[in-house]
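> Sequence positions in the sequence shown follow this note's numbering and run 2 to 83.
Let me begin by handing over the structure; questions about it come next.
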Amino acid sequence: MAQITVQDVYNGAKYDVMSAAMAEYLKDGRPSEYDERMWVDMLLVKHALIAAEKMRQEGDTVVGMTDDVSPSFYVRWDNENA
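In structure tokens, the structure reads:
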């Protein structure tokens, strides 16, 4: 069981979502109905979900993410943006 940063999930040796997605893209290409950026985004989601399942199986967790803090600096939950 390990605590891993989001950066390590995407670029670290254990899960390396970014490399897995790009390797699949370079190996298989993309369907003609998708533009390049959309297909890469879809592959990133696919490999992030695969990594999340591996993390669940191994008991690993992501450090620094809690449910009470928005993951975006642009989201505010007060009435200023209403």
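We treat Cβ as the ideally placed atom computed from N, Cα and C, and that holds for glycine.
(1) Under 8 Å by Cβ, that's how I've got V41 and A53 pegged, so tell me the actual separation to the nearest angstrom.
(2) Let's see if you can read the secondary structure: which residues bound the alpha helix (DSSP H) around R38?
(3) Provide the residue span of the alpha helix (DSSP H) that contains V7, from first to last.
(4) Given this structure, state the Cα-to-Cα distance separating D29 from M43, to the nearest angstrom.
(5) Can you look up V63 in the DSSP assignment and give me helix, strand or coil?
(6) Express the C-alpha separation of T6 and T62 in angstroms, rounding to a whole number.
(7) Hey, could you find the ends of the alpha helix (DSSP H) A24 is sitting in?
(8) In chain order, what residues of the same chain have a beta carbon less than 6 Å from the beta carbon of E25, not counting five sequence neighbours either side?
Answer, in terms of the structure:
(1) For the purposes of this step, residue 41 is taken as residue 40 along the sequence shown, with counting starting at 1. For the purposes of this step, residue 53 is taken as residue 52 along the sequence shown, with counting starting at 1. The pair is not a contact, with the Cβ atoms about 19 Å apart (cut-off 8 Å).
(2) Along the sequence shown, one-based indexing puts residue 38 at 37. Taken as a continuous stretch (DSSP letters only), the alpha helix (DSSP H) holding R38 covers 37-59.
(3) In the sequence shown, counting from the first residue as 1, residue 7 sits at position 6. Here the alpha helix (DSSP H) through V7 covers 7-12.
(4) In the sequence shown, counting from the first residue as 1, residue 29 sits at position 28. In the sequence shown, counting from the first residue as 1, residue 43 sits at position 42. Rounded to whole angstroms, D29 to M43 spans 14 Å at the Cα level.
(5) Looking up residue 63 in the sequence shown gives position 62. Here V63 sits in strand by DSSP.
(6) Locating residue 62 in the sequence shown gives position 61, where the first residue counts as 1. Locating residue 6 in the sequence shown gives position 5, where the first residue counts as 1. Rounded to whole angstroms, T62 to T6 spans 8 Å at the Cα level.
(7) Residue 24 sits at position 23 when you count from the first residue of the sequence shown. Segment 18-29, the alpha helix (DSSP H) holding A24.
(8) Against the sequence shown, residue 25 aligns to sequence position 24. Cβ neighbours of E25 beyond the five flanking positions: L44.
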